[in-house]
Amino acid sequence: MAAKQTTRELRRRNRSALLSRLYLQGRGSRLELVDSSGLSSSTVSNVISDLIADGVVEEAGSAESDGGRPRTVLQVRRDYGHVIGVDIGETHIEVGLFDCALNTVATATYPIAGNLEPAHVAELILAGIAEVSANPVSIMGIGVGVPGAVESDGLVHAPTFGWKGVPLAKMLADSVSAPLYVDNCARTLGQAEMWRGAGRGATRAVIALLGVGVGAALAVESDSYQGVSSTTTEWGHTVVHAGGLPCRCGSRGCLEAYIGAEGILERYLAVPGSLPFMAEDTEARMRELADRAERPGPAADTLATTAEYLGIGIANLINLVTPDCVVLSGWVSLSIGHTILDAVLDAAKRHSLSYLHNRTRIELGQLGPEAVALGAATLPVIHFLANGG
Ligand SMILES: [Zn+2]
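Counting with the numbering used here, you get residues 1 to 389 for the letters of the sequence shown.
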């Protein structure tokens, strides 16, 4: 019995090791898998045959090799299964359906309209899951990214939502048939940027999530099956201005009070000569502000100050955790990132130690508007890789 279990565990571990390598590299040959995994060529050959027979991996043509005969290229089948990712934002719920390689298949977005009650949020999540999975596909799992901490018992604490110990997974589980995973959204976004986005190839990256709230995940390369380990920080509540603007956490002068979406819009409206916004919702107002900032005036001044504070926040990260890469992600980065990036780079350079700054690249995220939902979708993928398909 014990021997049988050990054999099964070894088989799962070998499948997981090879599947993870193929998944994270995109494609590879049997010989490359032998080199990178340290497994024998007969083990690699057997495990790959099993994975192909199970429909998890497929052969995708051949590639030239140095001097030898062409090698068969292997890849994880994109249509093996689908995953769902849920982004619980402060302005909207977005649910994305992705194929196995995390390409977007469908999305559904529901405005939260100021009602952050857990029951209301759960209702919107379930509506989104039903909408994107309307076409019959096999769902391997559902990942939910929450703007707060998730305890080991699954209870969610999200101070900015007023959530204390909300059993979100339990509230959703009865209504969905696929396995459900809940984790912090900055952490899962960090994972996605490292796998598929601007963090690729970094060994130590900070992924900043810029929205109504401001968070950051520290993602460090690891030899685990998911290739990266990621932890969250409360970067948004580090103080950048002693005695500065009040923050919703109760302190003053926090980074979030200056570069969180509400903070940016409020600072603009407080500038003499600023004009009221035409739009009602926060995201549309941010786009209006970005349009107005194309000409000199209060909007351009507000974004210049925003860039300065964001640059200071990044400089603090550079001095503290010496990342080789800082990725600016989240919807605020999508709407104003291109406008302020040069000024942010300049401020980060002025406020950090040059020998540390020179080792750090600062980039805009590459994952687009579905970035946070995509990040959440990495949760079921991690389980798929860990179980060896
Ligand atoms: Zn704060």
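Even for Gly, the Cβ is constructed at its ideal location relative to N, Cα and C.
The C-alpha of residue 126 is placed about 12 Å away from the C-alpha of residue 87. Closest by C-alpha distance to residue 106, out of 389, 370, 386, is 370. If you look at residue 218, you'll find it in the beta strand (DSSP E) that goes 214-221. Nearest to residue 327 by C-alpha distance, out of 317, 348, 207, is 207. DSSP, reduced to helix, strand and coil, places residue 368 within a helical segment of the structure shown.
Under the 10 Å beta carbon count, residue 121 is surrounded by 16 or more other beta carbons and is classified as buried. In the structure shown, residue 286 falls within a helical segment according to DSSP collapsed to helix, strand and coil. According to the DSSP assignment, residue 267 belongs to the alpha helix (DSSP H) that extends over 261-269.
Taken atom to atom, the span from the alpha-carbon of residue 339 to that of residue 352 is near 22 Å. By the Cβ rule, the stretch 135-144 counts as touching the stretch 173-180, because three or more pairs are nearer than 8 Å.
Under DSSP, the beta-bridge partners assigned to residue 363 are 327.
Residue side-chain check: residue 237 places its Cβ nearer than 7 Å to a non-hydrogen atom of ligand 1. Taking the Cα of residue 135 as reference, the smallest distance to any Cα among 192, 180, 116, 97 is reached at 97. Taking 4 residues as the minimum length, the alpha helix (DSSP H) runs contained wholly in the stretch 29-90 are 30-37, 41-53, in order along the chain.
The three-state secondary structure of residue 107, taken from DSSP, is strand.
Around the beta carbon of residue 282, 16 or more other beta carbons sit within 10 angstroms, so the residue counts as buried. Residue 93 has 88, 110 as its beta-bridge partners, per DSSP. Residue environment: residue 183 is assigned as buried (16 or more neighbouring CB atoms within 10 Å of its CB, all protein chains considered).
Proximity to residue 263 across 191, 307, 55, 112 peaks at 307, based on C-alpha coordinates.
Listed in chain order, the beta strand (DSSP E) runs fully inside the stretch 136-219 are 139-146, 156-158, 163-166, 180-184, 204-210, counting runs of at least 3 residues. Separation of residue 195 and residue 201 (C-alpha to C-alpha, rounded to the nearest whole angstrom) is 9 Å. In this structure, residue 93 sits near residue 128, with a CB-CB distance shorter than 8 Å. Residues of the same chain with their beta carbon placed closer than 7 Å to that of residue 119 are lacking, with the five preceding and five following residues left out of the count. Apart from sequence neighbours up to five positions away, the residues of its chain that approach residue 29 with a beta-carbon distance below 8 Å are 63, 65, 71, 72, 73, 74, ordered along the chain. For residue 132, the uninterrupted alpha helix (DSSP H) segment begins and ends at 118-132. Residue 256 counts as buried, since at least 16 other C-beta atoms from the protein chains shown sit within 10 angstroms of its C-beta.
For residue 154, same chain residues with a beta-carbon under 6 Å away, outside a window of 5 residues either side, are 169 in chain order.
In this chain, residue 238 is not harboured by any beta strand (DSSP E), its DSSP state being neither H nor E. Within the same chain, 73 come within 7 Å of residue 61 by CB-CB distance, once the 5 residues on both sides are set aside. Pairing residue 313 with residue 382 gives a Cβ-Cβ distance that is not under 8 Å.
For ligand 1, no non-hydrogen atom lies closer than 7 Å to the CB of residue 100.
In the structure shown, residue 277 adopts coil according to DSSP, grouped into three states.
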